[in-house]
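J.: Residue numbers (the UniProt record's numbering), protein chains in the order written: chain A, 1 to 244; chain B, 1 to 297.
C-beta: ideal position from N, C-alpha, C; glycine also.
As the structure is a prediction and not an experimental result, all values here were calculated from the model.
Sharing a structure below in structure tokens format, with a few things to ask.
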């Protein structure tokens, strides 16, 4: 039942061209565009001797998580409630919580495919090194995904409509991605700004991913921050979520 | 043994009492109507029976179980008012997905054919007409092969032809042994389909009977109109005990009375060799009975 629902959610997600483009392809396109700039492929002493494109491979992964977790999932779930789909499911042997789970699974699968695509292109086209601590990278990815998705669930729990979810998600998306380094990599930020970023979900997520890309384990701070978001917002969402 | 038993149901939202005191029992195999004006508490009653809402007072049993018992989810099919599907899901996908929720679902292809959806299987929900959406919604309520189907405002928004087709469909479903609870504010629908009707107003049951019983109980009065072949003296008709009044409208005579009025009038006319032209019997219908029951002053 859960597998069928997840497959159905994936199909429905891919029938929406705009979210599909942004969550599945845009991170890879970002890597391609930035990788095409010659100076971004050269070691840069300002960011500790790394290449800009090396950093953006990790940022592209947080980008897909932010798109799916803050924008796609909250508005889909709020719309499902608005349209009475969750209520209808409550009258069948499939509980509406199963649809929530299926939606999250579909988002996670999309994020994995999108990230794998971005990293593969980065590796093949621009010689970006794949995560040298792969287990650490998977851990960082899951922690970041769970933290961000918990926030998305919380948004869908508290907004009345799909449109409202979209607005709130977009408002959160830009500052979150700023701290993840979408416009200015964290390594190039002033120390104070970096410190603030460490406590934001996508800042912590990007840091944990970067640590794993460079052979380390996610730092205790990043892991704690992400688990904190998961617990606080996951619990809040579970308490506040209305089925109708 | 009733399949649904509701006793002294009470439900309020904050300060607003939606259902004050509702009791009824639905027998196996019948089409039971819940009738009432907007805001009377019909939908809340149906939602409590469906297990979607918890009652604040009273008891409900469905097939001998409390309404929120998970086992009922496969035994009771529900068609909710204003419940949609994802715009991009196709008819086939919705039918397949929802039939996967049940241990022994009905054959969805056959269901789609019965509901006239078989030529639209690849159409997306968002592109369907209102009538087709409604039919798909009915199909999803029946897809688990339920013993009870609760259908809320089944034909609202349908054109007259689609409405009649849907009524035929409901009768054919009942013929397969499914007990049906029909929430409606259409008198025509209730009198055509329902074996018994509970009329709810201001959160209380104000009448519970067959549609014909409701009409008879409330308006025993009948009216007969005709054009007599020769002028007629009122006392001739008033002599019959069934006749209470005789009115004249130009050449037309209108006789008001009770009981077997037609028999009384025709025997008087036959005795005097008067022919009744253009004879019409005006009988109260459920509409009038309803207005009298829930008439707001």
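With a Cβ-Cβ cutoff of 8 Å, do residue 168(A) and residue 179(A) count as a contact?
T.: Not a contact, by the Cβ cut-off of 8 Å.
J.: Which residue wins for smallest C-alpha separation from residue 57(B), given the options 21(B), 248(B), 234(B)?
T.: Minimum Cα distance to residue 57(B) is reached at 21(B).
J.: Let me know if residue 201(B) comes out buried or exposed under the rule of 16 or more other beta-carbons within 10 Å of its beta-carbon.
T.: Flag for residue 201(B) reads buried.
J.: Let me check understanding here. Comparing Cα to Cα, which of 157(B), 150(B), 212(B) lies closest to residue 178(B)?
T.: Selected option, being the one with the closest Cα: 150(B).
J.: Need the endpoints of the beta strand (DSSP E) that residue 32(B) sits in, please.
T.: Where residue 32(B) is concerned, the enclosing beta strand (DSSP E) stretches over 31-35.
J.: If we count the other Cβ atoms within 10 Å of its Cβ and call it buried at 16 or more, is residue 229(A) buried or exposed?
T.: By the neighbour-count rule (16 or more Cβ atoms within 10 Å), residue 229(A) is buried.
J.: Which stretch, first to last residue, makes up the beta strand (DSSP E) that contains residue 13(B)?
T.: Unbroken beta strand (DSSP E) run through residue 13(B): 2-13.
J.: From this set, 210(A), 234(A), 219(A), which residue's C-alpha is nearest residue 51(A)'s C-alpha?
T.: Selected option, being the one with the closest Cα: 210(A).
J.: Which of helix, strand or coil does DSSP assign to residue 297(B)?
T.: Since pLDDT at residue 297(B) reaches only 41, below the 50 mark, its modelled position is unreliable, and the value read off the structure follows with that caveat. DSSP places residue 297(B) in coil when its eight states are reduced to three.
J.: My assumption, with CB atoms under 8 Å, is that residue 66(A) sits in contact with residue 148(A). Please give the rounded CB distance.
T.: Between residue 148(A) and residue 66(A) the Cβ distance is about 6 Å, and since that is below 8 Å, they are a contact.
J.: Assess, as a yes-or-no matter, whether the region 15-29 of chain B is touched by the region 96-105 of chain A under the definition of 3 or more beta carbon pairs within less than 8 Å.
T.: No, the region 96-105 of chain A is not in contact with the region 15-29 of chain B.
J.: Contact defined as beta carbons within less than 8 Å: I believe residue 104(B) pairs with residue 145(B). What is the distance between those atoms, to the nearest angstrom?
T.: Indeed they touch by this definition, with Cβ atoms about 6 Å apart.
J.: Strictly below 9 Å CB to CB, what residues from chain B border residue 107(A)?
T.: Near residue 107(A) there are no residues of chain B at all, since even the closest Cβ is about 15 Å away, more than 9 Å.
J.: Apart from the five residues just before and just after residue 25(B), which ones in its own chain have a Cβ nearer than 6 Å to its Cβ?
T.: Counting only Cβ-Cβ distances below 6 Å, and skipping sequence neighbours, we find 2, 5.
J.: Measure how close the beta-carbons of residue 208(B) and residue 198(B) come, nearest whole angstrom, since I'm counting them as under 8 Å.
T.: Right, their Cβ atoms sit about 5 Å apart.
J.: Does DSSP put residue 292(B) in a helix, a strand or coil?
T.: Correct three-state label for residue 292(B): helix.
J.: Bridge partners for residue 24(B) per DSSP, in chain order?
T.: Bridge partners of residue 24(B): 6(B).
J.: Below 8 Å between beta carbons: does that hold for residue 31(A) and residue 121(A)?
T.: It is a contact, given that the beta carbons lie within the stated cut-off.
J.: Hey, could you find the ends of the beta strand (DSSP E) residue 257(B) is sitting in?
T.: Counting along the chain, the beta strand (DSSP E) containing residue 257(B) begins and ends at 252-257.
J.: Answer with yes or no whether the minimum CB distance from residue 4(A) to chain B is below 8 Å.
T.: Chain B contact via Cβ: present.
J.: To the nearest angstrom, how far is the alpha carbon of residue 174(B) from that of residue 30(B)?
T.: Between residue 174(B) and residue 30(B), the C-alpha separation is close to 7 Å.
J.: Rounded to whole angstroms, what's the CA-CA distance from residue 297(B) to residue 35(B)? Just pull it up for me.
T.: At residue 297(B) the pLDDT is 41, less than 50, meaning the model places this residue with poor confidence; the figure from the coordinates comes in the next sentence. Approximately 19 Å, taken between the alpha carbons.
J.: Where residue 11(B) and residue 212(A) are concerned, what is the direct C-alpha to C-alpha distance, given to the nearest angstrom?
T.: Taking the straight line from one Cα to the other gives about 56 Å.
J.: Any C-beta of chain A sitting closer than 8 Å to the C-beta of residue 100(B)?
T.: Answer yes: the Cβ-Cβ gap between residue 100(B) and chain A drops below 8 Å somewhere.
J.: Tell me, please, whether the region 105-116 of chain A touches the region 11-27 of chain A by the rule of three or more beta-carbon pairs shorter than 8 Å.
T.: Segments in contact, yes.
J.: Report back the beta-carbon spacing between residue 141(B) and residue 79(B) to the nearest angstrom; my notes put them in contact at under 8 Å.
T.: The pair is a contact, with the Cβ atoms about 4 Å apart (cut-off 8 Å).
J.: Below 8 Å between beta carbons is the criterion; list the residues of the region 72-100 of chain A that meet it against any residue of chain B, in chain order.
T.: Those residues of the region 72-100 of chain A that come within reach of chain B (Cβ to Cβ, closer than 8 Å) are 80, 83, 84, 85, 87, 88, 90, 91, 92, 93, 94.
J.: Can you tell me whether residue 183(A) is buried or exposed, with buried defined as 16 or more other CB within 10 angstroms of its CB?
T.: Exposed, because fewer than 16 other Cβ atoms sit within 10 Å of the Cβ of residue 183(A).
J.: Establish whether the CB of residue 1(A) and some CB of chain B are separated by less than 8 Å.
T.: Output row for residue 1(A): interface = yes.
J.: Quick one: does the C-beta of residue 222(B) sit closer than 7 Å to a heavy atom of the ligand FMN?
T.: In the structure on display, the ligand FMN does not appear, and there are no ligands present to speak of.
J.: Quick one: is residue 164(B) near chain A, going by C-beta distance under 8 Å?
T.: No, residue 164(B) lies away from the interface with chain A (no Cβ there is under 8 Å from its Cβ).
J.: Residue 15(A) versus chain B: which residues are under 7 Å apart at the beta carbon?
T.: Simply 88.
J.: With a threshold of 8 Å between beta carbons, is residue 12(A) in contact with chain B?
T.: Yes, because at least one Cβ of chain B sits closer than 8 Å to the Cβ of residue 12(A).
J.: Who pairs with residue 277(B) in a beta bridge, going by DSSP?
T.: For residue 277(B), which the question treats as bridged, DSSP gives the partners 227(B).
J.: Whose C-alpha, out of 54(A), 152(A), 75(A), 132(A), is nearest the C-alpha of residue 236(A)?
T.: For the residues 54(A), 152(A), 75(A), 132(A), the minimum Cα distance to residue 236(A) belongs to 152(A).
J.: What ranges does the beta strand (DSSP E) occupy inside the region 130-159 of chain A, keeping only unbroken runs of at least 3 residues that lie completely in it?
T.: If we require 3 residues or more, the region 130-159 of chain A turns out to have no beta strand (DSSP E) run fully inside it.
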